[in-house]
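*Asks:* Please find one structure pasted underneath; my questions will follow.
2 protein chains.
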Amino acid sequence: MQNHKDIKTKERLLLHAEILFAQRGFHAVSVREITTAAKSNLAAVNYYFDSKKNLYLEVFRQRWVPRARQIKESFENVLAEKENPGINEIFGALAHAFIEGPLDDEERKIHVQLMQREIVSPTAAFELVANEVTAPFFEDLSRRLRPCLPKDTDETSLVLSNISMLAVVLYFNFSRAVVTRFTGKEYDSGFKMRLIQHIAAFSRDGFNSLLRKENL
Amino acid sequence: MQNHKDIKTKERLLLHAEILFAQRGFHAVSVREITTAAKSNLAAVNYYFDSKKNLYLEVFRQRWVPRARQIKESFENVLAEKENPGINEIFGALAHAFIEGPLDDEERKIHVQLMQREIVSPTAAFELVANEVTAPFFEDLSRRLRPCLPKDTDETSLVLSNISMLAVVLYFNFSRAVVTRFTGKEYDSGFKMRLIQHIAAFSRDGFNSLLRKENL
DNA sequence: GTCTATAGCAGGATAGAC
DNA sequence: GTCTATCCTGCTATAGAC
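Encoded structure:
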């Protein structure tokens with residue numbers, strides 16, 4: 001059995017800071033809360049990270065970005081098995097990576113909440129997320145989708161559709177209060193499978209609007 | 001020319017509190033900031049609203065809910081002009097109400113940001129928003145869409161699609177940092193028209209997935 | 001590297017003069 | 001209804017013992 005002493009203080013701080021920041025945001029969480037949760041001393045945050053602000057940034061650098069890579073890899077691995085994946089396969093893989101994927105439920109929730117907070121109130125971490133994760137991800141996605149779309153599809157249309165798809169995927173992760181409230185369903189494995197199907201179908205058909213001339 | 005003295009102190013507090021809460025969230029904004037912005041005295045918040053927390057709630061009660069009603073009315077008025085509106089008309093009206101609609105750009109941004117914050121970190125205001133606005137809105141939307149869908153479409157499928165559509169609409173309002181970053185476009189009137197078209201097309205075609213048996 | 005103690009400040013709230 | 005002055009709590013950050 002692992003107890004907290006088996007993990008180094010610095011790691012424990014990152015771990016618990018991430019959970020608390022994700023749940024309630026930077027300003028609503030105090031250093032005292034973080035060090036109590038991490039069973040470390042109050043002074044530890046400043047000793048290891050200089051400041052609360054920098055701890056927040058390190059959470060993104062050391063925990064958020066690597067996890068985003070995991071999600072991306074899962075997405076790529078699913079697609080690598082198919083040859084010439086079409087819109088269907090691409091969105092199936094995407095919905096799967098984000099709703100089921102490599103992370104457990106709690107981890108994914110934390111991951112998306114942190115991202116969402118940066119989108120609503122961007123801080124220094126926003127640039128990190130945008131440059132290191134979102135931009136390459138959108139580029140990769142566009143590259144994969146291009147062959148499925150008419151040759152004259154312009155870049156903006158493609159980006160708007162990418163954003164819309166991302167919006168739906170994120171929403172079903174971070175806004176569970178809304179989803180549970182209005183569907184009456186909990187996020188058990190049956191409901192998650194249903195969500196994957198829904199997101200894949202909704203995004204795929206939304207993308208199909210790019211195939212029709214009158215909307216361009 | 002109107003100066004700040006023409007508006008009662010209580011109203012000025014609500015006005016500026018709303019802007020600041022929307023921009024940076026409850027915890028990041030201090031009572032001192034609000035009273036300075038409203039050109040009122042530091043003690044005014046407690047005099048009129050008892051506490052900062054209650055001021056936040058009153059912002060939703062007195063400003064947010066009425067504005068949500070305005071958006072809803074705009075949506076209904078557009079639809080009232082058409083007879084037997086189909087999926088196309090419904091989503092056209094919806095995208096229009098949320099992206100152009102009755103509010104000016106700044107107001108709509110504030111409106112959606114406040115809502116978004118409640119979705120990410122629900123407080124007492126969440127129940128208000130869900131009960132008084134979101135629930136009736138989803139019901140109304142379902143009632144309008146039902147005639148356009150197969151008879152055996154189950155309620156959950158419909159709700160999931162409503163949520164997805166809302167996700168896209170909200171996203172293009174509150175996540176301008178992302179949209180501007182990846183499209184390179186500012187929210188001028190040309191781009192907004194394009195967004196309306198995009199959202200209407202994406203949502204409508206996403207909904208069309210409900211028409212196909214294999215996704216149910 | 002961990003701890004206690006505390007500096008130093010900003011926050012929400014209130015009492016009481018006007 | 002408005003204002004000043006102030007209380008008091010809770011915060012981040014740091015100094016210095018161990």
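Note that the protein sequences, when read in sequence, are chains H and Z.
If you use our numbering, the first sequence corresponds to residues 1 to 216, in order.
If you use our numbering, the second sequence corresponds to residues 1 to 216, in order.
Where is the CB? At the ideal position from N, CA and C, for every residue including glycine.
A125(H) to A44(Z), Cα distance in whole Å?
*Replies:* Indexing the first sequence from 1 puts residue 125(H) at position 125. Indexing the second sequence from 1 puts residue 44(Z) at position 44. Their Cα atoms are separated by approximately 36 Å.
*Asks:* Which residue comes first and which comes last in the alpha helix (DSSP H) that contains L210(Z)?
*Replies:* Your numbering for residue 210(Z) matches position 210 in the second sequence. Premise fails: L210(Z) is in no alpha helix (DSSP H) and is neither H nor E.
*Asks:* Note down, in chain order, all residues in the region 111 to 125 of chain H with a beta-carbon under 9 Å from any beta-carbon belonging to chain Z.
*Replies:* Q113, Q116, R117, E118, I119, V120, S121 and P122
*Asks:* To the nearest angstrom, report how far apart K39(H) and H27(H) are at their CA atoms.
*Replies:* Here residue 39(H) is taken as the residue at index 39 of the first sequence, counted from 1. Here residue 27(H) is taken as the residue at index 27 of the first sequence, counted from 1. If I take the Cα positions, the gap works out to 21 Å.
*Asks:* According to DSSP, simplified to helix, strand and coil, what is A43(H)?
*Replies:* By 1-based counting over the first sequence, the position of residue 43(H) is 43. Three-state DSSP puts A43(H) in coil, outside helix and strand.
*Asks:* Would you mind reading off the limits of the alpha helix (DSSP H) that contains P66(H)?
*Replies:* For the purposes of this step, residue 66(H) is taken as residue 66 along the first sequence, with counting starting at 1. Note, P66(H): alpha helix (DSSP H), V65 to A80.
*Asks:* For F156(Z), decide whether its Cβ has a neighbour in chain H, counting only Cβ atoms nearer than 7 Å.
*Replies:* One-based indexing of the second sequence puts residue 156(Z) at position 156. It should be pointed out that residue 156(Z) corresponds to Thr in this sequence rather than to Phe. So yes, T156(Z) belongs to the interface.
*Asks:* Rounding to the nearest angstrom, what Cα-Cα distance links V112(Z) and E106(Z) in this structure?
*Replies:* For the purposes of this step, residue 112(Z) is taken as residue 112 along the second sequence, with counting starting at 1. For the purposes of this step, residue 106(Z) is taken as residue 106 along the second sequence, with counting starting at 1. Approximately 10 Å between the Cα atoms of the pair.
*Asks:* Please report the straight-line C-alpha distance between T260(Z) and F172(Z), rounded to a whole angstrom.
*Replies:* One cannot answer for residue 260(Z) here, as it falls past the ends of chain Z, which runs 1 to 216.
*Asks:* Cβ closer than 8 Å: which chain Z residues qualify as neighbours of Y187(H)?
*Replies:* In the first sequence, the residue the question calls residue 187(H) occupies position 187. Chain Z residues near Y187(H): none, gap ~13 Å exceeds 8 Å.
*Asks:* Relative to the C-alpha of L141(H), which candidate in I90(H), N46(H), A22(H) and E81(H) has its C-alpha closest?
*Replies:* Looking up residue 141(H) in the first sequence gives position 141. Minimum Cα distance to L141(H) is reached at I90(H).
*Asks:* From E139(H) to S175(Z), what distance separates their C-alpha atoms?
*Replies:* Position 139 of the first sequence, counting from 1, holds the residue named residue 139(H). Position 175 of the second sequence, counting from 1, holds the residue named residue 175(Z). Looking at the two C-alpha atoms, the distance is approximately 19 Å.
*Asks:* Cα separation between L216(H) and P102(H)?
*Replies:* On the first sequence, residue 216(H) is found 216 positions in, with the first residue counted as 1. On the first sequence, residue 102(H) is found 102 positions in, with the first residue counted as 1. In this prediction, L216(H) has a pLDDT of 41, which is less than 50 and means its spatial position is unreliable; nothing more can be read from the coordinates.
*Asks:* At 7 Å on the CB atoms, spell out the chain H contacts of V168(Z), in chain order.
*Replies:* Here residue 168(Z) corresponds to residue number 168 of the second sequence, with the count starting at 1. Going along chain H in sequence order, the residues near V168(Z) (Cβ under 7 Å) are S164, A167 and V168.
*Asks:* Go to K52(H), then tell me how far its alpha helix (DSSP H) extends in each direction, as first and last residue.
*Replies:* If you number the first sequence from 1, residue 52(H) lands on position 52. K52 to V59 is the extent of the alpha helix (DSSP H) around K52(H).
*Asks:* Rounded C-beta distance between L149(Z) and L210(Z)? I'm assuming under 8 Å.
*Replies:* In the second sequence, residue 149(Z) corresponds to position 149, counting from 1. In the second sequence, residue 210(Z) corresponds to position 210, counting from 1. Indeed, because the Cβ distance is near 6 Å, the residues count as touching under 8 Å.
*Asks:* Can you give me, in chain order, the residues of the region 130 to 162 of chain H that have a beta carbon less than 7 Å from any beta carbon in chain Z?
*Replies:* A130, F138, T156, V159, L160 and S161
*Asks:* Under a three-way DSSP split, which group does A124(Z) fall into?
*Replies:* Here residue 124(Z) corresponds to residue number 124 of the second sequence, with the count starting at 1. The answer is helix: DSSP assigns A124(Z) an H, G or I state.
*Asks:* If I measure Cβ to Cβ from K82(H) and keep anything under 8 Å in the same chain, skipping five residues before and after, which residues do I get?
*Replies:* For the purposes of this step, residue 82(H) is identified with residue 82 of the first sequence, where counting begins at 1. Cβ within range, chain order: E89.
*Asks:* Under the rule that 16 or more other beta-carbon atoms within 10 Å means buried, what is R143(H), buried or exposed?
*Replies:* Residue 143(H) sits at position 143 when you count from the first residue of the first sequence. So R143(H) ends up on the exposed side.
*Asks:* Go to P136(H), then tell me how far its alpha helix (DSSP H) extends in each direction, as first and last residue.
*Replies:* As a first step, residue 136(H) must be located in the first sequence, where it is residue number 136. P136(H) -> alpha helix (DSSP H) spans A135 to L145.
*Asks:* Enumerated in chain order, which unbroken segments of the alpha helix (DSSP H) with a length of 4 residues or greater are wholly contained in the region 154 to 183 of chain Z?
*Replies:* 155 to 174 and 176 to 183
*Asks:* In chain order, what residues of the region 11 to 37 of chain H put their CB closer than 7 Å to some CB of chain Z?
*Replies:* R24, G25, H27 and A28
*Asks:* How is K192(Z) classed by DSSP in three states: helix, strand or coil?
*Replies:* Numbered from its first residue, the second sequence carries residue 192(Z) at position 192. Reduced to three states, the DSSP call for K192(Z) is helix.
*Asks:* Where do the ends of the alpha helix (DSSP H) carrying H16(H) lie?
*Replies:* By one-based count along the first sequence, residue 16(H) stands at place 16. Element bounds for H16(H): T9 to R24.
*Asks:* Please list, in chain order, all residues of the same chain as A80(Z) whose beta carbon is under 8 Å from its beta carbon, the five residues on each side excluded.
*Replies:* For this step, residue 80(Z) is matched to residue 80 along the second sequence. Here the set comprises nothing.
*Asks:* Determine the DSSP secondary structure at Y187(Z), reduced to helix, strand or coil.
*Replies:* The count along the second sequence starts at 1 and reaches residue 187(Z) at position 187. Coil at Y187(Z), not helix or strand.
*Asks:* Please report whether the beta-carbon of S51(H) lies at a distance below 7 Å from any beta-carbon of chain Z.
*Replies:* In the first sequence, the residue the question calls residue 51(H) occupies position 51. Taking Cβ atoms only, chain Z never reaches closer than 7 Å to S51(H), which makes this a no.
*Asks:* Can you tell me which of the three DSSP states L114(H) falls into?
*Replies:* On the first sequence, residue 114(H) is found 114 positions in, with the first residue counted as 1. Three-state result, L114(H): helix.
*Asks:* In the DSSP assignment, the alpha helix (DSSP H) including V305(H) goes from what residue to what residue?
*Replies:* Outside the shown range of chain H, which is 1 to 216, sits residue 305(H), and nothing can be said about it.
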